[in-house]
Amino acid sequence: MRTEIARAARGGDQDAFALLVNENLAGMRAVAIAVLGYGEEAADAVQDAVLIALRKISQLQDPAAAGPWLRSIVRNNCRMVLRARRDVPIADLEPMLPADTAPGPEEALDRAATRDWVRTAVDTLPEPVREVTVLRYFTAHSSYAQIAELCAVPADTVRSRLRDGRRLLSAPCASPPRRPSRIPAPGPKPPGPRPRSTSGPAATTGSPA
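Quick note: the sequence shown, position 105, residue 105 per full-length UniProt numbering, numbers continuous.
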């Protein structure tokens, strides 16, 4: 059925193309989020991929591989975004933290430290390793088969990259996150020098006559 939809889309059927995109949209978003993190850039990468696919759908050689083809377009868009800037962002993991309606000051500090710690640690990973790590631990597409399909690599490659990710993260994860330090409130100022008295007989200079 999916192959027939992809074949019809390749033949110019716009309704079939819309169905094809809807069937693969979740996987396309997962790839974009794994590479760029949550945010507008990931959403833009997916939208641009849809437009590119619409323009190049006639070039789809294997209708059975339409899903990997769409995800490869997303991945290429994400890499172009990364090359366009020097600082590679990490996935915004804050939406994945447990919701807390009213954390206290101490807990808020701990959560901020943990979130920054995770972001920094994940940011140290090379892009292919980070992609499978984020998919494995921070999305619903966590099985080896799903990750392999999303990344268009064999399952053994997924396992190998996950091992590399765990190894690379072992050093930054060995130290617990530190809570942001507090600046102590200023205490009372020490007393300054006592003012010199100007009362009394004036001091004389020189030798007595």
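Think of the CB as a built atom: it goes at the ideal place given N, C-alpha and C, for glycine as much as any other residue. Since the structure is predicted, the reported quantities are computational estimates derived from the model, not experimental observations.
The three-state reading of DSSP puts M28 in helix, counting H, G and I together. E4 sits exposed, since fewer than 16 C-beta atoms from the chains shown fall within 10 Å of its C-beta. Taking a contact to require three or more Cβ pairs closer than 8 Å, the region 144 to 163 and the region 35 to 44 do not qualify as touching. Around the C-beta of A145, fewer than 16 other C-beta atoms lie within 10 Å, and the residue is accordingly described as exposed. Under a 10 Å Cβ-count criterion, R136 is classified as buried, with 16 or more other Cβ atoms of the shown protein chains found around its own Cβ. By the criterion of a C-beta distance shorter than 8 Å, P68 is surrounded in its chain by E149 and A152, once the five residues flanking it on both sides are discounted. N22 and V46 have their C-alpha atoms spaced approximately 12 Å apart. In terms of CA proximity to I57, A18 leads the group L125, E41 and A18. R130 and P63 do not touch by the CB rule: their CB atoms are close to 31 Å apart, not below 8 Å. In this structure, DSSP gives M80 a helical state, which the three-state scheme calls helix. The three-state reading of DSSP puts D13 in coil, since its state is none of H, G, I, E or B.
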